[in-house]
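J.: Its first residue numbered 1, the sequence shown is counted upward by one per residue in the UniProt record's numbering.
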Amino acid sequence: MSSSPLSKKRRVSGSDPPTGSSRAPASAVPPSVTPANGMAKNGGEAEIDEGLYSRQLVWEGGRWVSGLPPPPPPLFYSDTPPLPPKFYLREEDVGQNRAEATLPRLAELNAYVAVTSTRQPLSQELLAPFQVVVLTNSSLEEQLWVGDFCHSHGIKLVVADTRGLFGQLFCDFGDDMVVTDTNGEQPLSAMVSMVTKGCPGEVTCLDEARHGFETGDFVTFTEVEGMEELNSCGPVEIRVLGPYTFSIGDTSGFGDYVRGGIVTQVKMPKHIRFKRLREALAEPEMMITDFGKAERPPIMHWGWQALHRFIRQHGRPPRPRHQGDAAEVVALTREVAPGAELDEELLRELAFQATGDLAPVNAFIGGLAAQEVMKAVSGKFTPITQWLYFDALECLPEENKETVLTEEQCRPRNSRYDGQIAVFGAELQAKLGAQKYFVVGAGAIGCELLKNFAMVGLGCGPEGCITVTDMDTIEKSNLNRQFLFRPWDVTKLKSERAAAAVREMNPALRVSSRPDRVGPDTERVYDDDFFEALDGVANALDNVDARLYMDRRCVYYRKPLLESGTLGTKGNVQVVIPFLSESYSSSQDPPEKAIPICTLKNFPNAIEHTLQWARDEFEGLFKQPAENVNQYLTDPKFVERTLRLAGTQPLEVLEAVQRSLVSERPRAWPDCVAWACRHWHRQYSNNIRQLLHNFPPGQKTNSGTLFWSGPKRCPHPLVFDPDNPLHLDYVMAAANLFAQSYGIGGSRDRGAVAEWRPGDIRVAPRWWPGGIKVAPRWLPRDAMGVWHQDAVPPRPRSPYRCFHMGQSKLIAGKIIPAIATTTGAVVGLACLELYKLVQGHRRLASYKNAFLNLALPFVGFSEPLACPRNKVRGLPHSAGADPIDMSRGKPADVAVDPIDVSREARRRGGRPYRCLAGSPQTWR
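1. Using the Cβ count rule (16 or more neighbours within 10 Å means buried), how would you classify Pro81?
2. Among residues of its own chain, excluding the 5 on either side of Tyr244, which ones have a beta-carbon nearer than 7 angstroms to its beta-carbon?
3. Cα separation between Phe738 and Val468?
4. Lys270 and Val179: beta carbons closer than 8 angstroms?
5. Evaluate Asp217 with the Cβ neighbour count: other Cβ atoms within 10 Å of its Cβ, from every protein chain shown; 16 or more gives buried, anything less gives exposed.
6. When the Cβ atoms of the stretch 408-416 are set against those of the stretch 443-451, are three or more pairs found closer than 8 angstroms?
7. With distances taken from CA atoms, which of Glu349, Ala820 and Lys375 is nearest Lys401?
8. Report whether the distance from the Cβ of Leu281 to the nearest heavy atom of the ligand GTP is below 7 angstroms.
9. Between which two residues does the beta strand (DSSP E) holding Ser189 run?
10. Given a cut-off of 8 angstroms, decide if Leu832 and Pro284 are closer than it, judged by their beta-carbon atoms.
11. Report the three-state DSSP secondary structure of Asp181 (helix, strand or coil).
12. In three-state terms, what does DSSP make of Cys150?
13. What do you get for His693, buried or exposed, if any count of 16 or more other CB atoms within 10 angstroms of its CB means buried?
14. Please classify Ala752: is it buried, with 16 or more other beta-carbons within 10 angstroms of its beta-carbon, or exposed?
15. Smallest Cα separation from Pro857: which of Thr136, Met286, Val224 and Phe254?
16. Grab me the residues of Thr823's own chain with a C-beta within less than 7 angstroms of its C-beta, minus the 5 sequence neighbours each way, in chain order.
17. Please list, in chain order, all residues of the same chain as Leu706 whose beta carbon is under 8 angstroms from its beta carbon, the five residues on each side excluded.
18. Note down, in chain order, each residue of its chain lying with its Cβ closer than 7 angstroms to the Cβ of Ser22, except the 5 sequence neighbours on either side.
19. Going by CA-CA distance only, name the one from His727, Arg667 and Gly147 that's closest to Ser123.
20. Restricting to Cα atoms, I'd like to know which of Ala754, Asp529 and His679 is closest to Asn724.
21. To the nearest angstrom, how far is it from the Cα of Glu229 to the Cα of His681?
22. Is the stretch 314-329 close to the stretch 396-411, with three or more CB pairs under 8 angstroms?
23. As a quick exercise: from Ile577, Ser660 and Glu617, pick the residue whose alpha carbon is nearest that of Gly840.
24. At what residues does the alpha helix (DSSP H) containing Asp516 begin and finish?
25. Using a threshold of 8 angstroms, state whether the C-beta atoms of Ala99 and Leu89 are closer than that.
26. Taking the alpha helix (DSSP H) that Thr823 falls in, what are its first and last residues?
27. Measure how close the beta-carbons of Leu393 and Leu126 come, nearest whole angstrom, since I'm counting them as under 8 angstroms.
28. Leaving aside the five residues before and after Ala306 along the sequence, list all residues of the same chain whose C-beta is less than 6 angstroms from its C-beta, in chain order.
29. Are the CB atoms of Phe254 and Met227 within a distance shorter than 8 angstroms?
30. Below 8 angstroms on the Cβ atoms is my contact criterion, and I expect Thr264 with Thr220 to pass it. Report the Cβ-Cβ distance as a whole number of Å.
31. Buried or exposed, going by whether 16 or more other CB atoms sit within 10 Å of the CB of Trp64?
32. Does His314 pass the burial test, meaning 16 or more other C-beta atoms within 10 Å, or should it be called exposed?
33. Three-state secondary structure (DSSP) at Gln353?
34. Would Ser581 and Val575 qualify as a contact pair, given that the criterion is a beta-carbon distance under 8 angstroms?
35. Grab the span of the beta strand (DSSP E) containing Tyr730 for me, first residue to last.
36. Return the CA-CA distance between Gln272 and Thr821, expressed in angstroms with no decimal places.
As structure tokens, this is what we get:
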């Protein structure tokens, strides 16, 4: 994989095993198949491509990548390929070794990762070189001896298995697993207003915001005046006394507190002891995923062992819906757990689905397992301790399950869907093939949705289809998590390449792609006929406005909606069912906290302040003025419209246009350098000197307190130094961006710019524009260009001018951190809701909204809220969709189709009136 010219790479040196490790060197790995597209370096120096990993690095902070030697890849061992098992296999691979058939396609994902396969039987010699071993679909006997070997040799072990709608996950990370960051959140900080002397001393923070600390947290102090001993002491454990106060250790021997100070949370290492698999079977510790089913994990724990016994005795798993096999599994469970109270129906379902193989469950368990591997090698985030059991039995038919799911309905048919038919029967498979779904977005979630849809056979029948739309093109950073794309797809349309990729996975899939964004301007494309033909919509969007728009469209046309989203290790799934649940728009997150303008301009005291100021500065220099100039030159009514603006805005806009076209318009590269130098001096020297002239450092307020205290941090003007790389980077970046705006050739000659003196710089003369067009510059979200990144520095007078660039890119670029593990798990849960929608479940309790945070780890489910039920003239009415005959004032005896009403309105030249919730009609 070749990197783009502007890609940045980190070098990570060293690949020796950690001190004290009993692992053999990586060269002990047996001979392997080498992918044709190249391999990563095993040893020596390795390069981390920041263009590829931009979304992951801003979340991980670069710690696990740069803080560890590059380990040998984890060993996945199974009778089948790693979870999920089918999407890398093609029909032409039938009869071949599945690992070898999967390998070339898996290696295409990332040329920096060494991927190998072997036909050697599992042995201690094979396991010895690896840091992590992952077992999937393996026998219990194999798991036990591998678990004993790995635990005694310091090798981390993950066991993952799925059986239809059931999933199992186990982790053993050794006797002393050190977790350096338990939750992945940024350390909290607060400004100190008072520290008392005593035992214990009490710290009071400014009352602008709650400190957010918890009892047991560790903190450090900086910039405290008076009680300066706090600045030099190590992390101190605290006890929270209130939202603005907490206590620390003995401060009676310290000096008197004067003013100032910042308290910052410190992430302390956490040690976790894991039991080996053999011990954990007898004394299990379990993570609960659904508190509505809290009694089920122990029963599934015993049932899974009984299932292994059945397979060992018969050489096969229980047959789908075979009553005799299920009864034997229940009997074996009683032998495993004598005297325990068992849920026989749960155990029978486990036996019925032992041959089941569902892509959504594989995606969920596989996503969790992959995140546990990342925890094992990095020490970042809290691992699962130690068992996780999952079931989604609410996906089965709500009524007449025994008659719908028979042994005949669920028997194998020599089909690629046999694993799904074993769970749901052949009738549901036919329904899935006839579905027509609209996938909005082909990013990370969109790719996972399409992959799962292809695997379950959605839209694969003669009457079915899937339509995917996305207006974006593929960028290099997308390759890190949007695994339908390859390096040769960069710059191509996401929707087209995603559709082509899933069509290769399942040739029967009827999928079409569109490049049109969804919104009011494309309602002639996605019109009544389009929505009327759909069976449902799956959102894969990255902004709230588009989500709200699609939610309104689904409410209007009464279509079910699958809504999901991720933020780093966090994710959620919401299912919207017409007439049954509330819509996405019914509840909204609180708005983001705004930063006051005066704080941004004069009194920044946090990282977010400096970077938001820099973002505003960038747009005010390179985006908004250019847009105003182009409107002025092309729109005759621009001045008239501008003069109607409120306050001083007309003067500000017109002065900016005059500067862009006359007084500051450059003619050549030296003019751009002159402009950049003047701007640097104005912002980072002259303005600060003026502020300090108005408010000197020692000035006090009427109450006698220092003006520069508390959240007001005294700034310090800078003196331009051409030998300072930060100063020169800024001038180079600003000058090049300014030149690009006017179509002037830039320069990368830093030496020439550093040697220029103010006398060498000419000011552009005034002249009237002729045929000029100024090109606005935007801040890209992913992989900021060289000039964009250097032109958005932290504000120099802020004490945070030298903080980690990963955090600055996250805020300045408004990047949503994304990792593939969360995406896979979230989409797996969303597709489980799809099974319910296709079957037409009508019980609200059957559906599940999901919330997860893989860093904690936490997985939780809740029942969707019901849609509001109102009364219209004394009669019940569902605010989500029930039609109302407004002329009669009661729910219509014959439902009035809103789509037909809308069409009739257009035919008559009017437009329909629709209630906010999306129901019923009259004319306006």
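The beta carbon of each residue, even a glycine, is placed where N, CA and C say it ideally should be.
T.: Working from what's here:
1. In the sequence shown, counting from the first residue as 1, residue 81 sits at position 81. The pLDDT assigned to Pro81 is 36, lower than 50, so where the model puts this residue is not dependable, and the model offers no usable value.
2. For the purposes of this step, residue 244 is taken as the residue at position 244 of the sequence shown. Around Tyr244: Thr204, Cys205, Asp207, Arg210 and His211.
3. Counting from one through the sequence shown, the residue named residue 738 turns up at place 738. Counting from one through the sequence shown, the residue named residue 468 turns up at place 468. One C-alpha to the other measures close to 39 angstroms.
4. By 1-based counting over the sequence shown, the position of residue 270 is 270. By 1-based counting over the sequence shown, the position of residue 179 is 179. Result yes, Cβ atoms of Lys270 and Val179 sit closer than 8 angstroms.
5. Locating residue 217 in the sequence shown gives position 217, where the first residue counts as 1. Asp217 is buried by the Cβ-count criterion.
6. Verdict: no, contact absent.
7. Here residue 401 refers to the residue found at position 401 when the sequence shown is read from its first residue. It is Glu349.
8. This structure lacks the ligand GTP, and indeed carries no ligand of any kind.
9. Working through the sequence shown from its first residue, we reach residue 189 at position 189. From DSSP, the beta strand (DSSP E) with Ser189 extends over Ser189 to Val195.
10. Here residue 284 is taken as the residue at index 284 of the sequence shown, counted from 1. Here residue 832 is taken as the residue at index 832 of the sequence shown, counted from 1. Contact: no.
11. Reading the sequence shown from its first residue, position 181 is the one you call residue 181. DSSP places Asp181 in strand when its eight states are reduced to three.
12. Here residue 150 refers to the residue found at position 150 when the sequence shown is read from its first residue. Helix.
13. Within the sequence shown, the letter at position 693 stands for residue 693. It is exposed - the Cβ of His693 has fewer than 16 other Cβ atoms within 10 Å.
14. In the sequence shown, residue 752 corresponds to position 752, counting from 1. Exposed.
15. Counting from one through the sequence shown, the residue named residue 857 turns up at place 857. The option with the nearest alpha carbon to Pro857 is Met286.
16. One-based indexing of the sequence shown puts residue 823 at position 823. Closer than 7 angstroms at Cβ, skipping near neighbours: Ala444, Ile445, Glu448, Arg481 and Thr566.
17. Taking the first residue of the sequence shown as position 1, residue 706 is located at position 706. Closer than 8 angstroms at the Cβ level, and outside the excluded window around Leu706, lie Arg259, Gly698, Gln699 and Lys700.
18. For the purposes of this step, residue 22 is identified with residue 22 of the sequence shown, where counting begins at 1. With a pLDDT of 35 at Ser22, under the threshold of 50, the modelled position of this residue cannot be trusted; read the value that follows with caution. Hits under 7 angstroms: His153 and Gly154.
19. If you number the sequence shown from 1, residue 123 lands on position 123. Nearest C-alpha to Ser123: Gly147.
20. Taking the first residue of the sequence shown as 1, we reach residue 724 at position 724. Among Ala754, Asp529 and His679, the Cα nearest to that of Asn724 belongs to Ala754.
21. Here residue 229 refers to the residue found at position 229 of the sequence shown. Here residue 681 refers to the residue found at position 681 of the sequence shown. Straight across, the Cα-Cα distance linking Glu229 with His681 is about 38 angstroms.
22. yes
23. Working through the sequence shown from its first residue, we reach residue 840 at position 840. Nearest of Ile577, Ser660 and Glu617 to Gly840, Cα basis: Ile577.
24. Against the sequence shown, residue 516 aligns to sequence position 516. Careful: Asp516 lies outside any alpha helix (DSSP H) and carries neither H nor E.
25. Mapped onto the sequence shown, residue 99 falls at position 99. Mapped onto the sequence shown, residue 89 falls at position 89. Contact: no.
26. Within the sequence shown, the letter at position 823 stands for residue 823. That run of the alpha helix (DSSP H) goes Ala820 to Gln839.
27. What you label residue 393 is simply residue 393 of the sequence shown in a count that begins at 1. What you label residue 126 is simply residue 126 of the sequence shown in a count that begins at 1. No, Leu393 and Leu126 are not in contact; Cβ-Cβ is about 37 angstroms, not under 8 angstroms.
28. Residue mapping note: residue 306 aligns to position 306 of the sequence shown, counting from 1. These residues qualify, in order along the chain: Val329, Leu332, Thr333 and Val336.
29. As a working mapping, residue 227 is identified with position 227 in the sequence shown. As a working mapping, residue 254 is identified with position 254 in the sequence shown. Yes, Cβ-Cβ distance for Met227 and Phe254 is below 8 angstroms.
30. The residue given as residue 264 occupies position 264 in the sequence shown. The residue given as residue 220 occupies position 220 in the sequence shown. Their Cβ separation, rounded to whole angstroms, is 6 angstroms, which keeps Thr264 and Thr220 in contact under 8 angstroms.
31. In the sequence shown, the residue the question calls residue 64 occupies position 64. Note that Trp64 scores a pLDDT of 37, beneath 50, so its modelled location is shaky; the value from the coordinates is reported in the next line. The Cβ neighbour count for Trp64, taken over all protein chains shown within 10 Å, is at least 16; the residue is labelled buried.
32. On the sequence shown, position 314 is the one that residue 314 refers to. Flag for His314 reads exposed.
33. Here residue 353 refers to the residue found at position 353 when the sequence shown is read from its first residue. Correct three-state label for Gln353: coil.
34. Taking the sequence shown and counting its residues from 1, the one referred to as residue 581 is at position 581. Taking the sequence shown and counting its residues from 1, the one referred to as residue 575 is at position 575. It is a contact, given that the beta carbons lie within the stated cut-off.
35. Taking the sequence shown and counting its residues from 1, the one referred to as residue 730 is at position 730. For Tyr730, there is no enclosing beta strand (DSSP E); the residue is found in the alpha helix (DSSP H) stretching over Pro725 to Ser741.
36. Counting from one through the sequence shown, the residue named residue 272 turns up at place 272. Counting from one through the sequence shown, the residue named residue 821 turns up at place 821. Looking at the sequence itself, residue 272 is Ile, so the reference to Gln does not match. Straight-line Cα distance between these residues: approximately 23 angstroms.
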